[in-house]
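Q:
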Amino acid sequence: MTNVPGPRRLVAAAAFLDGTGMRRPAGEPISLRRVIADMVAEYARRNGPADPRGEGLDGAAGG
Numbered sequence: 001m002t003n004v005p006g007p008r009r010l011v012a013a014a015a016f017l018d019g020t021g022m023r024r025p026a027g028e029p030i031s032l033r034r035v036i037a038d039m040v041a042e043y044a045r046r047n048g049p050a051d052p053r054g055e056g057l058d059g060a061a062g063g
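Heads up, the sequence shown is in the UniProt record's numbering, so the first residue is 1 and it goes up one at a time.
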């Protein structure tokens, strides 16, 4: 991630992680804690299948 100063400023400026905002388009309340947890889960889901030790060296997947 190279372009994240805006989101980092928003997180740093938040008084606490359990404050809520409105989720669009449903208009349901959502906490900053939930947003961050969802982002971490999505990042892990997208990078989980990668095996940097094996695939990066010999191109073979799995171990």
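Idealized CB from N, CA, C, for every residue including glycine.
Under 8 Å, do Val19 and Leu10 count as touching if we go by C-beta distance?
A: Sequence inspection shows Gly at residue 19; the Val mentioned does not correspond to that position. No. Outside cutoff.
Q: Relative to the C-alpha of Pro7, which candidate in Glu28, Ile36, Ala26, Ala41 has its C-alpha closest?
A: Comparing Cα positions, the closest option is Ile36.
Q: How many Å lie between Ala14 and Met39 at the Cα?
A: Rounded to whole angstroms, Ala14 to Met39 spans 17 Å at the Cα level.
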